[in-house]
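Engineer: Chains as they are written, first to last, in the numbering used here: chain Z, 2 to 407; chain F, 2 to 407.
C-beta atoms are modelled at their ideal positions from N, C-alpha and C, and glycine is treated no differently.
Everything numeric in this text was worked out from a predicted model, so none of it was measured.
For reference, the structure I am asking about is given below.
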């Protein structure tokens with residue numbers, strides 16, 4: 002078939018639509034992408050497993066392709082293992098961990114519902130902010146950043162406020178605290194409220210038992226314990242939360258995160274909802290497969306063992322850790338910045354000179370701590386040694402530098 | 002430093018937290034990922050450009066890394082070029098196109114606002130559903146699936162309803178119709194309402210001038226004209242929409258998509274909002290760079306030229322196209338399924354035997370049309386020839402098969 006010259010076609014196109022000339026103002030000629038090498042030992046993302054990166058770069062398939070539909074089931078099944086849950090509504094939201102966080106509230110909060118948020122760090126505050134946007138009657142109890150709640154404190158608040166939902170953070174990324182979970186699920190049943198748990202910095206790295214702990218709603222992220230890049234937000238909802246969802250009077254006030262719609266796609270109906278982020282799910286599937294291959298017990302042991310070596314090493318150097326040992330997260334350690342050191346300048350120095358990212362403090366811990374993550378693929382003895390030797394060699398020089406500059 | 006044996010550590014861990022045994026019920030041993038080869042000629046995703054896939058598979062960096070912060074600005078600038086806009090609030094939402102769609106409404110609709118949705122296909126209905134979830138007073142006007150609105154029809158509705166927002170779809174993925182845009186922006190100014198436009202199937206493939214057309218809010222996706230896998234939702238908001246956002250009485254009722262927060266991260270402050278999907282943005286940056294390298298005029302011409310070859314070829318075979326030629330999208334063609342053919346069985350045959358995906362009909366066009374996409378990297382003369390030759394060789398055999406089976 003003879004082809005029309007393309008100029009002629011475009012002129013015809015322009016004639017029927019009266020097209021203006023193309024503005025070249027924003028047409029910048031950037032070179033091809035070249036990314037720097039980084040060892041990510043901050044609060045996340047952590048480095049991705051090489052097999053996960055390989056999966057991410059595979060050519061996409063359609064979101065209703067039989068191959069992809071099978072892969073979705075594999076992701077769900079492996080996510081149930083990672084979270085230790087039988088919940089049918091277990092799936093990665095097509096957004097980051099914050100989207101999954103919002104999904105837990107958007108689906109279950111009805112206007113006027115009392116939501117009690119137990120705040121002990123930055124992400125507790127975010128839960129309270131989000132809940133208020135869904136017109137919850139938000140109540141909060143607070144602890145210092147670096148502490149955890151006791152069962153008595155929680156019970157007092159449940160008695161006082163009688164909330165529909167208790168929302169709290171298992172592993173506070175801003176403080177490095179791991180909330181002990183014994184008995185909290187039972188308390189929530191006793192006071193007839195749902196238990197909503199942030200497991201962003203615990204999934205894959207810290208013992209976590211959604212069903213045994215009687216957690217009704219949980220969310221996480223892809224880029225920490227799972228060693229997949231950021232972009233997906235694991236979400237799970239148990240039968241008690243499902244029941245609250247099914248009793249809703251009005252539609253979920255968030256279309257994208259509406260689990261009743263999403264379940265028609267992820268469940269057996271396979272009804273189109275949105276075009277799935279297929280490549281991110283390729284990566285997630287590999288990340289979860291690799292975790293299952295290692296086994297949860299071994300992964301948890303590895304995280305715990307490496308973290309303890311880090312803690313010992315830092316303490317031997319006379320550096321203080323922010324959290325009492327029994328509450329410390331193995332995935333994320335908050336390290337007190339020694340007197341006289343510019344914490345931000347030191348972390349920039351590690352990034353610029355050694356390609357190593359460690360985090361600075363957030364919120365009330367800004368300027369007071371560094372945050373060192375040893376998560377997923379990055380939780381290795383070699384990385385512990387690398388951090389310790391850099392702290393040993395660079396921090397003293399840096400102190401001198403700071404003093405000299407002053 | 003001597004290491005403790007990890008068993009000992011785990012037992013210590015289990016003792017302090019009374020951990021139950023790990024349930025292995027969902028621990029399935031799936032093999033490493035192996036994806037099938039697909040030529041994606043449906044309504045999206047389309048195949049990704051090889052350089053985009055390479056970018057996606059690069060090791061991640063932190064979301065506040067100076068390298069990444071520069072990359073964000075590059076993505077924004079290239080997106081402004083692709084959309085032909087100077088809007089400062091131009092950025093990819095960290096979700097798919099549907100998330101960006103929701104972002105346009107979530108940020109601008111206040112309870113009771115009148116939103117007029119001009120519906121001529123599946124995605125118009127979605128806009129109406131979403132707007133109602135933000136408590137808009139939703140009004141709709143409708144056209145048959147396969148037609149477009151005239152200026153008179155739109156003006157009558159604007160006069161009648163006096164909405165705050167007119168929402169409509171530029172390129173209806175469900176019908177293959179391209180809405181002529183001449184004069185609509187001026188009408189919206191005349192009746193003092195915002196113009197919200199779905200450009201999911203037009204960005205990168207069809208002439209599109211956000212500023213010239215006086216569009217106040219628009220959204221798109223990564224996986225069609227841009228040839229990046231699905232997972233990001235380009236979003237843009239002009240000054241009139243920004244002003245409506247700034248006048249809001251209450252917070253945006255969607256934390257994840259709140260542009261006033263997102264702008265603190267994407268703007269000069271670089272305040273942490275959520276952990277960005279960095280690898281998806283690596284891919285997006287490459288996709289937009291490749292589009293700019295080709296140039297919009299050439300990309301539009303290429304899409305138009307290849308689509309016309311497809312149309313001619315199908316018509317020569319006596320196959321009817323659903324949309325009148327002057328309204329046809331170059332990116333997506335709706336093809337009427339000939340009498341007696343099981344359309345779904347034929348598309349499955351192409352997928353299973355040839356690895357080629359074409360789409361079936363959605364909503365009121367289910368069972369009536371196929372949807373053939375020639376988008377981005379996939380809009381090539383070779384792909385047109387491939388589809389035409391398969392229609393020529395397989396469809397007659399298939400008709401026979403269907404008849405035989407009957």
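How is residue 409(Z) classed by DSSP in three states: helix, strand or coil?
Structural biologist: As shown, chain Z starts at 2 and ends at 407. That puts residue 409(Z) outside it, with no answer to give.
Engineer: Does residue 115(Z) come out as helix, strand or coil in the three-state DSSP assignment?
Structural biologist: Taking the first residue of the first chain as position 1, residue 115(Z) is located at position 114. Under the three-state reduction of DSSP output, residue 115(Z) falls in the strand class.
Engineer: Entirely within the segment 145-208 of chain F and at least 4 residues each: give me those alpha helix (DSSP H) ranges in chain order.
Structural biologist: Taking 4 residues as the minimum length, the alpha helix (DSSP H) runs contained wholly in the segment 145-208 of chain F are 152-162, 185-191, in order along the chain.
Engineer: Starting from residue 298(Z), trace the alpha helix (DSSP H) both ways and give me its first and last residue.
Structural biologist: On the first chain, residue 298(Z) is found 297 positions in, with the first residue counted as 1. From DSSP, the alpha helix (DSSP H) with residue 298(Z) extends over 297-317.
Engineer: Leaving aside the five residues before and after residue 292(F) along the sequence, list all residues of the same chain whose C-beta is less than 7 angstroms from its C-beta, in chain order.
Structural biologist: Residue numbering aside, residue 292(F) sits at position 291 when the second chain is read from its first letter. Correct list, in chain order: 83, 205, 227, 300.
Engineer: On the criterion of 16 or more Cβ atoms from any shown chain inside 10 Å, does residue 306(Z) qualify as buried, or is it exposed?
Structural biologist: Here the question's residue 306(Z) lines up with position 305 in the first chain. Buried.
Engineer: Nearest by alpha-carbon distance to residue 132(Z): which of 118(Z), 243(Z), 144(Z) is it?
Structural biologist: Here residue 132(Z) is taken as the residue at index 131 of the first chain, counted from 1. Here the closest residue by C-alpha is 118(Z).
Engineer: Hey, is residue 312(Z)'s beta-carbon within less than 8 angstroms of any beta-carbon in chain F?
Structural biologist: For the purposes of this step, residue 312(Z) is identified with residue 311 of the first chain, where counting begins at 1. Not an interface residue.
Engineer: For chain F, is any of its Cβ atoms less than 8 angstroms away from the one on residue 55(Z)?
Structural biologist: Mapped onto the first chain, residue 55(Z) falls at position 54. With 8 angstroms as the cut-off, residue 55(Z) counts as an interface residue toward chain F.
Engineer: Tell me whether the segment 94-107 of chain Z and the segment 256-267 of chain Z touch, counting them as touching only if at least three CB pairs, one residue from each stretch, are closer than 8 angstroms.
Structural biologist: yes
Engineer: Counting C-beta neighbours from all protein chains within 10 Å, is the total for residue 355(Z) 16 or more, i.e. buried, or is it exposed?
Structural biologist: Residue 355(Z) sits at position 354 when you count from the first residue of the first chain. Exposed.
Engineer: Whose Cβ in chain Z lies nearer than 7 angstroms to the Cβ of residue 62(F)?
Structural biologist: Walking along the second chain from the start, residue 62(F) turns up at place 61. Proximity of chain Z to residue 62(F) at the Cβ level (cut-off 7 angstroms) is accounted for by 36, 37, 39, in chain order.
Engineer: Give the C-beta separation of residue 202(Z) and residue 237(Z) to the nearest angstrom, bearing in mind that I take them to be a contact with Cβ-Cβ under 8 angstroms.
Structural biologist: If you number the first chain from 1, residue 202(Z) lands on position 201. If you number the first chain from 1, residue 237(Z) lands on position 236. Actually they do not touch by this definition, with Cβ atoms about 16 angstroms apart.
Engineer: Determine the DSSP secondary structure at residue 211(F), reduced to helix, strand or coil.
Structural biologist: Counting from 1 along the second chain, the entry for residue 211(F) is found at position 210. If DSSP states are grouped into helix, strand and coil, residue 211(F) belongs with coil.
Engineer: If you follow the beta strand (DSSP E) that residue 83(Z) is in, where does it begin and where does it stop?
Structural biologist: What you label residue 83(Z) is simply residue 82 of the first chain in a count that begins at 1. Element bounds for residue 83(Z): not the beta strand (DSSP E) but the alpha helix (DSSP H), 67-84.
Engineer: Mind listing the chain Z neighbours of residue 134(F)? Cutoff is C-beta to C-beta under 9 angstroms, in chain order.
Structural biologist: Position 133 of the second chain holds residue 134(F). Within 9 angstroms Cβ-Cβ: 251, 252, 253, 254, 255, 256, 259.
Engineer: Name the DSSP beta bridge partners of residue 256(Z), please?
Structural biologist: Within the first chain, residue 256(Z) is the residue found at index 255, counting from 1. Residue 256(Z) is not bridged to any residue.
Engineer: For a contact defined as C-beta to C-beta under 8 angstroms, what are the partners of residue 276(F) on chain Z?
Structural biologist: Along the second chain, read from residue 1 onward, the residue named residue 276(F) stands at position 275. Residues of chain Z passing the Cβ test: 45, 46, 97, 98, 99, 222, 224, 231.
Engineer: Quick one: what does DSSP say residue 131(F) is sitting in, helix, strand or coil?
Structural biologist: One-based indexing of the second chain puts residue 131(F) at position 130. The answer is helix: DSSP assigns residue 131(F) an H, G or I state.
Engineer: Where does the unbroken beta strand (DSSP E) through residue 53(F) begin, and where does it stop?
Structural biologist: Against the second chain, residue 53(F) aligns to sequence position 52. Element bounds for residue 53(F): not the beta strand (DSSP E) but the alpha helix (DSSP H), 51-57.
Engineer: Using the C-alpha atoms, what's the distance from residue 62(Z) back to residue 283(F)?
Structural biologist: In the second chain, the residue the question calls residue 283(F) occupies position 282. In the first chain, the residue the question calls residue 62(Z) occupies position 61. Their backbone Cα atoms lie some 19 angstroms apart in a straight line.
Engineer: Go to residue 42(F), then tell me how far its beta strand (DSSP E) extends in each direction, as first and last residue.
Structural biologist: For the purposes of this step, residue 42(F) is taken as residue 41 along the second chain, with counting starting at 1. Where residue 42(F) is concerned, there is no enclosing beta strand (DSSP E), because DSSP gives it neither an H nor an E.
Engineer: Do you know offhand how far residue 392(Z)'s Cα is from residue 74(F)'s?
Structural biologist: As a position in the first chain, residue 392(Z) is number 391, starting the count at 1. As a position in the second chain, residue 74(F) is number 73, starting the count at 1. Each residue's Cα considered, the two are about 33 angstroms apart.
Engineer: At which residues does the alpha helix (DSSP H) containing residue 347(Z) begin and terminate?
Structural biologist: Here residue 347(Z) corresponds to residue number 346 of the first chain, with the count starting at 1. First-last of the alpha helix (DSSP H) with residue 347(Z): 344-355.
Engineer: Does any residue of chain Z have a CB that is nearer than 8 angstroms to the CB of residue 390(F)?
Structural biologist: Here the question's residue 390(F) lines up with position 389 in the second chain. It does not: the Cβ of residue 390(F) has no partner Cβ on chain Z nearer than 8 angstroms.
Engineer: Checking contacts by CB at 8 angstroms: is residue 208(F) closer than that to chain Z?
Structural biologist: One-based indexing of the second chain puts residue 208(F) at position 207. Closer than 8 angstroms: yes.
Engineer: Taking 8 angstroms as the threshold, find out whether the segment 327-342 of chain F comes into contact with the segment 374-394 of chain F through three or more Cβ pairs.
Structural biologist: Result yes; three or more Cβ-Cβ pairs closer than 8 angstroms.
Engineer: For chain Z, check one thing: does any of its Cβ atoms lie closer than 8 angstroms to the Cβ of residue 5(F)?
Structural biologist: Numbered from 1 along the second chain, position 4 holds the residue referred to as residue 5(F). Unreliable positioning characterises residue 5(F) in this predicted model, as indicated by a pLDDT of 45, which lies under 50. The coordinate reading is nonetheless provided below. So yes, residue 5(F) belongs to the interface.
Engineer: Between residue 57(Z) and residue 230(Z), which are expected to be in contact by the criterion C-beta below 8 angstroms, what is the C-beta distance as a whole number of angstroms?
Structural biologist: The residue given as residue 57(Z) occupies position 56 in the first chain. The residue given as residue 230(Z) occupies position 229 in the first chain. The Cβ separation is near 7 angstroms, so the contact holds.
Engineer: With respect to the alpha helix (DSSP H) encompassing residue 439(Z), which residues constitute its N-terminal and C-terminal limits?
Structural biologist: With chain Z covering only 2 through 407, there is no way to say anything about residue 439(Z).
Engineer: By DSSP, does residue 89(Z) sit in helix, in strand, or in coil?
Structural biologist: For this step, residue 89(Z) is matched to residue 88 along the first chain. In this structure, residue 89(Z) counts as coil in the three-state DSSP scheme.
Engineer: Looking at the structure shown, is residue 320(F) part of a helix, part of a strand, or coil, going by DSSP?
Structural biologist: Within the second chain, residue 320(F) is the residue found at index 319, counting from 1. In this structure, residue 320(F) counts as coil in the three-state DSSP scheme.
Engineer: Is any beta-carbon of chain Z found at less than 8 angstroms from that of residue 180(F)?
Structural biologist: In the second chain, counting from the first residue as 1, residue 180(F) sits at position 179. No - not a single Cβ of chain Z is within 8 angstroms of the one on residue 180(F).
Engineer: Considering only C-alpha positions, which residue in the set 98(Z), 135(Z), 103(Z) is nearest to residue 113(Z)?
Structural biologist: Here residue 113(Z) corresponds to residue number 112 of the first chain, with the count starting at 1. Residue 135(Z) is the option with its Cα nearest to residue 113(Z).
Engineer: So who's on the other strand from residue 141(Z), going by DSSP bridges?
Structural biologist: Along the first chain, read from residue 1 onward, the residue named residue 141(Z) stands at position 140. Its beta-bridge partners are 118(Z).
Engineer: Taking 8 angstroms as the CB-CB limit, is residue 20(F) close to chain Z?
Structural biologist: Taking the second chain and counting its residues from 1, the one referred to as residue 20(F) is at position 19. Output row for residue 20(F): interface = yes.
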